[in-house]
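Using numbering that gives the first Met the number 0, the first residue of the first sequence is number 0, and each one after it goes up by one. Each residue gets a CB set at the ideal place from its N, CA and C atoms; glycine is no exception. Predicted model, so just to flag it, every value in this text is computed and none were measured. Have a look at the structure below before the remarks.
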Amino acid sequence: MGTDHAGIATQMLVERKVQAEEGLTRHDLGRDKFLDKVWQWKEESGGNITRQLRRLGASVDWNRERFTMDEGFYTAVQEAFVRLYDDGLIYRGKRLVNWDPKLHTAISDLEVVSEDEAGHLWHMRYPLADGEKTLDGLDYIVVATTRPETMLGDAAVAVHPQDERYQHLIGKFVDLPLVTRRIPIIADDYVDLEFGTGCVKITPAHDFNDYAMGQRHGLTMINVLDQDAAILAVPEVYSTDGKPQVQHDEHIPLIYQTLDRYAARDCIVSDLQKAGLLEKVEDHTLKAPRGDRSGLVIEPLLTDQWFVSTKPLAEPAIAAVEDGRIEFVPKQWQNTYFSWMRDIQDWCISRQLWWGHRIPAWYDDEGNFYVGRNEEEVREKHNLGNINLRQDEDVLDTWFSSGLWTFGTLGWPEMTDALKKYHPTDVLVTGFDIIFFWVARMIMMTMHLMKHEDGSPQVPFKTIYVTGLIRDESGDKMSKSKGNVLDPLDLIDGISLEDLLTKRTGNMMQPQLAKKIEKQTRKHFPEGMAAYGTDALRFTLCSLASTGRDIKFDLGRIEGNRNFCNKIWNAASYVLLNCENQDCGQTGGEVELTLADKWIISRLQRTEQKVLAALDSYRFDHAAETLYSFIWNEYCAWYLELSKPVLWDDQASAAQLRGTRRTLVCVLEAALRLAHPLMPYITEEIWQKVKPLVGKGGDSIMLEAYPEFDASKIDEQAEADLNWVREVIEGVRTIRGEMGISPARPIPVLFSQGQTADQEKLNANSQFLIKLAKLESVTWLEAGDEVPLSAMALVGEMEVLVPMAGLIDKDAELARLQKELGKLDAEMKRLNGKLGNAKFVDNAPVDVVAKERAKLAEAEAAANALRQQVEKIQSI
RNA sequence: AGGACUAUAGCUCAGUUGGUUAGAGCGCUACCUUGACAUGGUAGAGGUCGGCAGUUCGAAUCUGCCUAGUCCUACCA
């Protein structure tokens, strides 16, 4: 159990807090004081996730709780960095990175989100140098851009090598307007002939594609932006390999210097227009890359950063999933993983932040750097003596440390007992949105750093269970900044509308959305949220955990499951009421089981079998559904009712009473254990009361064995017989319900056309029938006995008859029978069509055909019986 | 631009290798405070499984195309 330090998000949050409360920036405070503030905040609010997990009843190893910024974990992070560096997998270099001008840090590709935004495409005329002309006789070519301000850093204009319009210009030059710079026209097949004019301005220091082209063509890189994305006074010039060129004659006109990028853009556009160099401006939708934390458009910027060379790490990580050492559940997610891993880019791991793991590298005054576990080690290793050294100011990407989680938490780099015992771990449960961020990086880091004794790589875990993403009531991804989150604690404890509104709109990053969120919240939660409890919440999350990628949270489901908890509670109180201080057979004694007892024991086995299979295959929804249906629809709805005629029977023998009580408590106890992982609290609470009745003395249901299904206790005969009982009862109830006979009124029932087997079942179970169908009497009719005019239900061939006299309206019963007949006719028509088709009879498997024949025969028999009944009633 | 996923009752979702009368919860209708439970009980209504073709004796399930929606990846200056 543990948490990571969420570098960027946390630093941002604390910066805002300090700004709001004290009006200070982090630079005002200084690094150490600012970090104190972060730790302070961590102490106050860092326990939120932990608290939520505790309330949710997570059964984790609290003794081994870790935080990625713990001292011990820092050791692991440093060690990993040093080893990767020594293995040649970490390098430092001047590269183009995604720069966040607000947070002043590099961020990884994954932290950049691009969405369509309305923008413009500016077409600019670049005059040809040396009197060159285009084929049309113009003395300029036209390039288009969405970021005109970058033209200050242009190093070339590129055309496609096969483009006939410009072939004669390749190798010639243009005079870059506004700055006096002569830049070459180069040929590169990256250029799209079809797009725009076919001419592209190339700014290697400010665009990723241009950077790549600059590398291919040996272009100089001219950086014109500072850390705030404002225009520099003096451009920084680098050679293709990233070496700074101190002596250069590049310059930026005074009027643009220090202007913000957007102000500079306006200024440049207007200057070009004045100079007659603006061909046109078009509306253009572009994908604007924004930092996912700051929301600002990121700027590709040339900076010194640390990178992990990921290709060598990715290979074994791909193989581990390919050969099944690691499995994704559901399997389809491996495709997501593969597609990313097979096209992986080097990972920029340095962040210009204060909150995080400081990079273990030291610089001397000449700018040389040395990597080591600490300053002493570095000095010693490189024989540096007493020269000046300063540590790298930057910290590592949070995911770098999270990637070490499975072994870093167990004491690595020490080979602790825990590490030997628990690594590799078994299952990672996670969301698909961090397969790249976390899962892939964990696999890469672990396989490189953790080896078995034979030297082969250890995987971090064997199974990755990918959960759906819980979405809000409108289907949107929940996000604190959007204000549409549901705190699990509020679902557990309940919350008033006012408090919910305050919570959702209180800490928003985009306050302009507050109104919308308020409206939405009032609509969906007009009275806030009721308290549903942990068990209902957990059970609901399980029951929604199907294979889809989205889980739209539905209050209706949790409410239904709260009622389910209530149902279990009430059932348990019935069991305790009837079993506490009674002989439940816990100390032996003769036991006689009724049909109902045998039936519910048999059904329990099937339930156990299904739940176990569901858990094995990570189908928590199936497990939940199976438990719900067994406990409510079988145990409560039928078995508890069937136990009453036995328990309340003065004539019942001690063995019968003992048998029923024992079955009541044993099945309940087993069901509690079965349900415990899904609903921990209520099962524990009830189990404590039930355990003495089953002769158990354990301290907690948590420590009890999980139920195992016992095939020998499956009783097909009992299941069939009890189905017969149910059908009779349901037949009578249907007549009662549809004929409007008061449930309070006991009614006589006659049985006609039955077989010997039916009669035996009737004799054995009449007490059940009388109680559950509220019967006044049961009468078995032999062939030839006089049959009074009755409403009829069929159980197989046997007719269950409720005499109409004084109870039932003739027309109503006729209508009911006609409706039934209508259904049967449709059924018969369908089956006749099927069986009349020679192709079906010839080609379908025999058992399928036999099944259809049996269905038809049954439907025909039932229809005949009903038709006769209709005639009989009509004839009077 | 590639790739993936989703489409089943008013709502939220199941439906395993093609053979059910297509299911559950909530909601809805009628009746019922009977000794575990009205956060309940009993009985019911409600779906041409997004559309069109195809494969098959047989398709919610397999194939193709289309429509609608969601997401991911890569992006054109």
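Open item on the list: By alpha-carbon positions, which one of Arg661, Ile169, Leu771, Pro487 ends up nearest to glutamate 589?
Closed with: Arg661
Task: Cα-Cα separation between tryptophan 411 and leucine 671, rounded to whole angstroms - done: Cα-Cα distance, rounded: 39 angstroms.
Task: Nearest neighbour of isoleucine 433, chosen from Ile494, Tyr464, Thr520 [CA to CA] - done: Tyr464
Open item on the list: Whole angstroms are fine: how far does the CA of alanine 849 sit from the CA of glutamine 758?
Closed with: 28 angstroms
TODO: Please confirm if the segment 598-608 is in contact with the segment 510-524, defined as three or more CB-CB distances below 8 angstroms between the two stretches.
DONE: no
Task: Identity of the residue in Asp416, Asp174, Pro456, Leu127 nearest leucine 312 by Cα - done: Pro456
Open item on the list: Which same chain residues end up closer than 7 angstroms to serine 789 when comparing Cβ atoms and leaving out the 5 residues on each side of it in sequence?
Closed with: If the five residues before and after serine 789 are omitted, its C-beta is found closer than 7 angstroms to the C-beta atoms of Leu749, Leu800, Val801, Pro802, Met803, all from its own chain and listed in chain order.
Open item on the list: Is the beta carbon of asparagine 762 closer than 8 angstroms to that of leucine 594?
Closed with: The criterion of a C-beta distance shorter than 8 angstroms is not satisfied by leucine 594 and asparagine 762.
Task: Start and end residues, beta strand (DSSP E) containing tyrosine 139 - done: 139-144
Open item on the list: If you follow the alpha helix (DSSP H) that methionine 123 is in, where does it begin and where does it stop?
Closed with: Segment 111-126 is the beta strand (DSSP E) holding methionine 123; no alpha helix (DSSP H) there.
Task: Beta-bridge partners of glutamine 304, as assigned by DSSP - done: Gly92
- [ ] State yes or no: is the C-beta of serine 308 within less than 8 angstroms of the C-beta of histidine 356?
- [x] no
- [ ] Name, in chain order, the residues that DSSP records as bridge partners for isoleucine 221.
- [x] Val236
TODO: Look at glycine 118 and threonine 257 and say whether their C-beta atoms are less than 8 angstroms apart.
DONE: Result no, Cβ atoms of glycine 118 and threonine 257 do not sit closer than 8 angstroms.
Task: Under the three-state DSSP convention, the category histidine 167 falls into - done: helix
Open item on the list: Please tell me whether lysine 171 and isoleucine 184 are closer than 8 angstroms, where the distance is taken between their beta carbons.
Closed with: yes
- [ ] Have a look at Ala861, Asn560, Ser113 and flag the residue whose alpha-carbon is nearest the alpha-carbon of arginine 289.
- [x] Checking every option, the nearest Cα to that of arginine 289 belongs to Ser113.
Open item on the list: Tell me which residue opens and which closes the beta strand (DSSP E) that histidine 283 is part of.
Closed with: Unbroken beta strand (DSSP E) run through histidine 283: 277-290.
TODO: Assign arginine 744 to one of three DSSP states: helix, strand, or coil.
DONE: Reduced to three states, the DSSP call for arginine 744 is coil.
Open item on the list: Quick check on the burial criterion: 16 or more other C-beta atoms within 10 angstroms. Buried or exposed for tryptophan 332?
Closed with: A buried status is given to tryptophan 332, since no fewer than 16 other beta-carbon atoms sit within 10 Å of its beta-carbon.
TODO: Taking only runs that begin and end inside the segment 691-723, name each unbroken beta strand (DSSP E) of 3 or more residues, in chain order.
DONE: none
Open item on the list: Do valine 223 and histidine 250 count as a contact pair if the criterion is CB distance below 8 angstroms?
Closed with: Cβ distance not < 8 angstroms, so histidine 250 and valine 223 don't count as in contact.
Open item on the list: At the level of alpha carbons, what is the spacing between threonine 2 and isoleucine 48?
Closed with: 8 angstroms
TODO: May I ask you to report which of helix, strand or coil DSSP gives alanine 105?
DONE: strand
Open item on the list: Given this structure, state the Cα-to-Cα distance separating threonine 219 from methionine 123, to the nearest angstrom.
Closed with: The C-alpha of threonine 219 lies about 22 angstroms from the C-alpha of methionine 123.
Open item on the list: Less than 8 angstroms between the C-beta atoms of leucine 677 and alanine 622, yes or no?
Closed with: Alanine 622 is positioned such that its CB atom lies closer than 8 angstroms to that of leucine 677.
- [ ] Give the range of the alpha helix (DSSP H) segment to which tryptophan 38 is assigned.
- [x] 30-44
- [ ] Report yes or no: do the segment 334-354 and the segment 376-386 share at least 3 C-beta pairs separated by less than 8 angstroms?
- [x] no
Task: 8 angstroms Cβ cutoff met for isoleucine 894 and alanine 535 - done: This structure does not reach residue 894, given that the chain is present from 0 up to 875, and the question cannot be answered.
Task: Residue ranges of each beta strand (DSSP E) within the segment 311-369, 3 or longer - done: 326-328, 360-362
Task: Test item: CB-CB of leucine 95 and proline 243 under 8 angstroms - done: no
Open item on the list: Buried or exposed, going by whether 16 or more other CB atoms sit within 10 Å of the CB of arginine 264?
Closed with: buried
Task: Top-ranked residue by Cα proximity to leucine 576, from Asp475, Ile685, Arg561, Leu175 - done: If we check each option's Cα against that of leucine 576, Ile685 comes out closest.
Task: Counted within 10 angstroms of its Cβ, other Cβ atoms place lysine 36 as buried (16 or more) or exposed - done: buried
Open item on the list: Looking only at its chain, what residues have a beta carbon closer than 6 angstroms to the beta carbon of glutamate 775, apart from the 5 residues adjacent to it on each side?
Closed with: Pro745, Ile746, Pro747
Task: Distance, aspartate 86 Cα to arginine 370 Cα - done: It is worth fixing the name first, because residue 370 is valine in this sequence and not arginine. Spanning the two alpha carbons is a distance of roughly 12 angstroms.
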